[in-house]
Structure formats: C-alpha cells, structure tokens
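What the sequence shown shows, in the numbering used here, is residues 16 to 599, in sequence order.
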Amino acid sequence: MPAFDLIIRGGTIVDGTGEDRFTGDVAIKDGLIAQVGEVRGDAAEEIDAAGHLVTPGFVDIHTHYDGQATWDQEMAPSSWHGVTTVVMGNCGVGFAPAKPDRHEWLISLMEGVEDIPGTALAEGITWDWETFPEYLDALEKLPRTVDIGTHVPHGAVRAYVLEDREQPGAVPTEEDIAKMSQIVEEGVRAGALGFSTSRTVLHKSVEGELVPGTTATADELVKIGRAMGRVGYGVFEMASDLQRDWNEFEWMGDLSRETGLPVTFAALESIAKDMPLKEQIATMRAQNDNGANIVAQIALRGNGIIMAWQGTVNPFVYRPSWQSIAELPWEEQKAKLLDPEFKNQLLSEANDYSEAPQDILPVLMVVTQGWALQYEMDPDFDYEPDETASVNARAIAKGVDPQEYAYDMLCDDDGKGFIYLPILNYAEGNLDFLHPLQHADDTVNSLSDGGAHCGTICDAASPTFMLEHWVRDRKRGDRITLENAIKRQCSDTARLYGLEDRGILAPGYLADLNIIDFDAIKLGKPWLAFDLPAGGKRLLQKADGYVCTIKNGKVTFKGGQWTGETPGGLIRGPQHAALAEAAE
C-alpha cells in the first residue's frame with residue numbers, strides 16, 4: 016500500500032512563512048501535508064512540479080458568495096485563481112437571519128450594495144433557513160471546490176430584529192440592541208468567523224436606501240462587538256466612509272482593547288472618504304500603539320469599474336437616448352448603438368442628473384465625463400495605466416472628441432468593448448502608495464469582492480494580479496518579493512481569522528496547494544457571462560499559469576479546468592493545525 020496519497024515532486028516551494036524558497040517535495044496523506052522537503056516512499060499519485068512554484072492555496076477574506084455558495088459547487092471565479100478558502104458575509108450584507116417576509120428586502124440590499132442580480136438570487140436561493148445557525152447548516156450540505164467561512168451581517172440582523180421599523184435612520188432601542196447582540200453571539204458560537212457592517216454612502220439598496228449600518232451609533236456597534244467578546248473569538252469587519260467627526264478609530268480601538276479581538280476595515284483612497292488613506296493608516300496606528308488590534312484591508316490595485324454596454328454602468332447612462340433603449344433586449348440595443356444616426360443623437364445630448372443620487376454625484380460625474388481617468392483596455396492591459404492610456408489622451412492623439420472615442424471603444428468586438436475606470440485607490444495615477452503597505456503587519460491584502468459587483472468590477476483575480484503585476488511585471492515602481500506575496504495571500508489572511516490550519520506548507524497543515532507556472536501567469540481578458548440563475552450576468556476573468564490547485568489533498572483544478580472534485584466545506588470558527596508527525 017502506498018505510503019502517501021499524493022506526492023508533488025521537485026517543485027520550487029514557497030511555503031507561506033515568508034522564508035526563502037527552496038526545491039523539494041510535498042507529501043500528502045488523508046487531506047493533510049505529511050512531509051515537506053525530501054520525500055522518500057511512494058504514493059497513489061505523483062505530480063512532477065519541476066520548474067514550477069508550489070505554494071499554499073490562497074485565502075481570500077473579502078468575498079460575497081453568500082447566495083452563490085448555496086447553489087454553486089465550483090465557486091468561480093475565485094476558485095480559478097488559486098483560492099482554496101473564502102470568507103464571505105462582508106460589508107454587513109447577507110441572507111441570515113431571515114424571516115420569510117424579509118427575503119425580497121435582503122435580496123434588494125445585496126443587489127444594491129454588491130451588484131449581484133436580484134433575479135439570480137431569487138431563483139438560486141432556496142431559503143431553507145431562518146436563523147443564522149440554520150443558514151450554516153444549509154451551507155454545510157453542499158460540498159465545493161473551496162472552504163467557506165462567513166460573518167454575521169449587520170443588515171440581516173437589524174432587519175430581523177427591527178422588522179418594519181428598519182428604515183434609514185432608524186434608532187433601535189436598548190432591547191433591540193440586546194436582541195441583535197444575542198443573535199450575533201449565537202451565530203458566532205455556531206461557527207461564524209465574525210460580524211460585519213457597512214457605513215458608507217456608496218452602499219445602498221436597489222431602492223436607493225442607505226444600508227442599516229450607515230446610521231448606527233458607536234454604542235450599537237460596540238455592544239454588538241461585545242457579543243463576540245463573550246464567545247472569545249471573531250473578527251469585526253467594516254466598510255465605512257470614516258468621517259472625521261464620527262471618531263470611528265476611537266471606538267474601534269476601544270472595542271479591540273476591551274474584547275481582545277481584531278477589528279478590520281476597508282482602507283481605500285476614496286472620493287467618499289473624509290480621510291485620505293495615509294491619514295487612515297496613521298490614525299489606526301495611533302490606536303494600535305495604545306494596545307488596539309485594528310487591521311487595514313488593502314486592495315492590490317485600483318478598484319476599477321469595468322464599463323460596458325451590457326454591464327451595469329457605462330459613461331452614457333444619463334443621456335436621454337440611452338435611457339430610451341436601456342430596457343430593450345441586447346440585440347435591439349446593439350442595433351441602435353451601431354446605428355450612426357443614433358450615435359450622433361446620443362453624443363449631442365447633455366447628461367441629465369435629475370434622477371441621479373445626489374449624495375454620490377461627484378462619483379457619477381467621473382463615470383460619465385471623467386475621460387482623463389478612464390482607460391482603454393488593450394489586449395495586454397496594464398492595470399497600473401499611465402495617462403497615455405486614458406480615453407482623453409488617446410482621443411486627442413487620434414483627433415476625435417473623447418466621448419466619441421469612448422463610444423466607439425464600447426462598440427468594439429460587436430458591442431462588447433470595455434472601459435476601465437479605477438474609481439477608488441488610484442488618485443495619484445499609480446500604485447506606489449500600496450508598496451509600503453504590503454510590508455506592514457497591520458495591513459492585509461484583501462478587497463477582491465469575489466462573487467460581487469457582477470456587472471461592474473472583476474477583482475476576484477487579485478491573487479493572480481499580485482503574482483503577475485506586483486511580483487513579476489511591474490514597470491512603474493518597486494515590486495514585492497514572491498515570498499512576501501505568498502505569505503500575505505496565504506498565512507497572513509488566514510491568521511487574521513484564526514484559521515491556523517492553512518496558509519503554510521508544513522506537516523499537519525491542510526493540503527491546500529497551488530502548482531504554478533510562474534512564467535506563464537497571465538490574466539485573461541474579462542468577459543460578460545450570463546450563466547447565473549435566471550440568466551443573470553457576471554464579469555469573469557480567467558488566467559493562464561495555474562498547473563494544479565489542490566484542496567484537502569484532492570486536485571480540484573488542472574490546467575485551469577475544474578476536475579469535478581468538491582473536497583471543500585464549511586468552516587466553523589477558528590481552526591488549529593493538526594501538527595501531525597511527519598510520516599515515516
């Protein structure tokens with residue numbers, strides 16, 4: 016009988032600790048890593064990894080697969096990019112707890128905040144739960160290519176307790192807050208990895224209403240956070256506009272010191288944020304110097320809206336001519352868009368912002384006329400573009416009006432062209448500001464939003480971008496080392512959530528691995544698919560260079576294709592490595 020289930024031979028091992036790479040073997044037995052180094056003995060299967068990298072599976076802690084995880088086993092697109100563990104339920108939106116009469120409300124909230132088609136959620140979700148523990152039980156029934164963990168989302172908790180009283184600006188009573196705290200405590204004891212909320216005007220329901228957490232008081236948030244303190248574990252996650260007069264870092268620091276638990280927030284350079292990113296980090300560090308444990312989640316590139324005629328947004332959404340065809344079937348829309356007479360009419364019109372949300376009007380104006388901040392997506396598009404790649408610069412070089420150039424770009428490829436607009440995290444036109452943050456212990460690589468922003472953002476490929484851009488190909492500034500990149504996407508993300516059983520290649524850890532042809536790593540061109548339930552759309556992006564992805568010792572992806580294996584499951588609470596003795 017073979018000594019091992021699988022041996023990966025002769026790869027360049029980057030083990031997730033940050034230590035130097037080395038050449039060696041990895042032996043796997045019963046879903047765990049048994050040996051690393053020189054492995055003697057045989058196995059039921061061997062993979063020759065000579066010339067390739069062998070890394071831990073990637074751990075993505077900021078995703079929104081809350082609905083998709085109830086019906087989809089493949090868990091694309093994250094699983095296409097070496098991810099073997101996802102944490103969802105971020106930004107205060109999710110689907111549990113859920114009273115039967117609040118299903119549509121929760122779908123509306125998720126659709127508005129995360130741009131996941133409501134029709135797909137309505138058809139795909141079975142709703143065989145009401146409480147949060149019942150939701151975890153439902154998630155546990157479906158095996159997947161990846162492990163999933165989740166937060167208890169503030170929006171669902173508030174709606175469950177306040178019911179019809181949950182309106183923008185609603186003020187819960189002390190009894191309401193006590194009930195919310197009890198639900199969160201119950202959810203964390205059942206296996207939730209934390210609690211999440213959102214406090215940004217960019218997050219609204221389909222009806223344009225602010226998410227429940229936006230107007231919540233510090234008292235409410237702290238008392239809910241204390242529920243996790245009573246359990247003894249959990250992460251408090253938040254997206255916020257971080258208005259100075261809210262003094263959020265003060266209460267985040269107090270909560271962290273009181274409970275001993277980490278508080279983490281989305282740290283972005285954003286039009287909506289009162290504080291520049293540099294000030295956010297400095298204010299966080301002042302709290303951490305006083306005993307707090309606040310961790311900034313940073314994105315690896317500009318948070319880019321990908322605009323397309325069939326996407327959620329395009330630069331002409333507030334032109335009357337677009338509004339006249341916005342609800343038509345695509346083939347009818349396309350016929351109009353490719354008609355020179357229609358084009359000339361649309362381009363002659365001014366934007367009509369009368370029905371636009373006025374509190375985010377500056378953002379919408381960048382979308383609809385910020386030609387110097389929008390970029391043409393070439394076949395080998397660089398996600399750190401300089402000004403020469405902008406719509407404005409290329410239009411001037413061609414001698415045409417920028418709006419006409421943008422219109423024609425969208426009409427490329429039979430109406431399937433894209434424009435890239437890094438709406439957040441690209442204020443200075445480069446990514447230099449992120450380089451020092453990728454060497455800091457109080458930041459973590461995150462914010463991929465896997466499973467969300469289906470018609471606008473395609474950042475679930477962040478781990479691939481990290482390898483291709485930051486480690487190998489960056490031209491406009493310093494790169495980062497391969498060892499640091501792997502550590503940050505594997506062990507650092509796992510440790511924040513107490514997942515001590517993964518993210519490192521060592522005996523006793525989960526056999527979650529990637530075999531990567533580093534020279535071949537390359538992001539593919541995004542495309543719009545209509546493969547969600549009810550024909551719902553989503554932006555997808557694949558990558559070359561992933562030889563194999565292995566989850567719990569099973570090869571889940573080979574050459575970029577799903578093998579049909581589904582060894583992943585539900586994570587309930589913190590996990591500890593088995594630290595098994597190396598097999599003889």
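Cβ atoms here follow ideal geometry from the backbone N, Cα and C, with glycine treated the same way.
Just so it is clear, the structure is predicted and the values come from calculations on it, not from any experiment.
In the three-state DSSP reduction, I23 falls in the strand class (E or B).
Our two residues, E190 and V176, have alpha carbons roughly 10 Å apart in a direct line. Comparing alpha carbon positions, the residue from T27, I472, K537, A282 closest to L452 is A282. Using a Cβ distance threshold of 8 Å, P187 and G584 do not count as a contacting pair.
Runs of the beta strand (DSSP E) lying entirely within the segment 548-580 and spanning at least 3 residues, in chain order: 551-555, 561-566, 569-573.
By the Cβ test, the segment 161-178 is not in contact with the segment 55-69, since fewer than three Cβ pairs between them sit closer than 8 Å. Taking all protein chains shown into account, V98 has 16 or more neighbouring C-beta atoms within 10 Å of its C-beta and is therefore buried. Taken in chain order, the complete alpha helix (DSSP H) segments of 4 residues or longer contained in the segment 294-347 are 335-340. In terms of CA proximity to A350, K431 leads the group T403, E294, K431, G247. In the DSSP assignment, H166 is bridged to G209. In the structure shown, N529 adopts extended strand secondary structure according to DSSP, grouped into three states. With distances taken between CA atoms, M392 lies nearest to D423 out of P582, N366, D423. The Cβ atoms of G249 and L217 lie no closer than 8 Å to each other.
The alpha carbon of H169 has as its nearest neighbour, out of D354, G52, M253, W86, the alpha carbon of M253.
With respect to the C-alpha of L439, the residue from D234, N329, R489, I321 having the closest C-alpha is I321.
Residue range 58-63 is occupied by the beta strand (DSSP E) that includes E61. If you compare the alpha carbons of T165, H468, S255 with that of G326, the shortest gap goes to H468. Proximity of the segment 559-579 to the segment 28-47 meets the contact definition, three or more beta-carbon pairs being nearer than 8 Å.
As the crow flies, the alpha-carbon of N366 is around 46 Å from that of G574. Counting of Cβ neighbours within 10 angstroms places V199 among the buried residues, the total reaching 16 or more. Here T70 is bridged, per DSSP, to N529.
In the displayed model, L514 falls within a strand according to three-state DSSP. Secondary structure note for N460: its beta strand (DSSP E) is the uninterrupted segment 458-460.
L353 carries a coil assignment under DSSP once its states are collapsed to helix, strand and coil. In this structure, the alpha-carbon of W120 lies about 36 Å from that of A421. Contact between the segment 537-555 and the segment 520-527 is absent: fewer than three C-beta pairs spanning the two stretches fall below 8 Å. In the DSSP assignment, V382 falls within the unbroken alpha helix (DSSP H) covering 376-384. Within a 10 Å sphere around the beta-carbon of M243 sit 16 or more other beta-carbons, which makes this residue buried.
The secondary-structure analysis by DSSP pairs F280 across a beta bridge with M253, A311. Residue pairing by DSSP puts R159 in a beta bridge opposite G583.
Partner residues in the beta bridge of M103, as assigned by DSSP, are T165. Between A42 and I28, the C-beta gap is not smaller than 8 Å, which leaves the two residues out of contact. Here R409 has E391, Y420 as same chain residues with Cβ atoms under 7 Å from its own Cβ, once five neighbours each way along the sequence are excluded. By alpha-carbon distance to K502, the top candidate from A412, T458, T141, A301 is T458.
The beta carbon of N329 sits closer than 7 Å to those of M322, A323, L425, all from its chain and outside the five residues before and after it, given in chain order.
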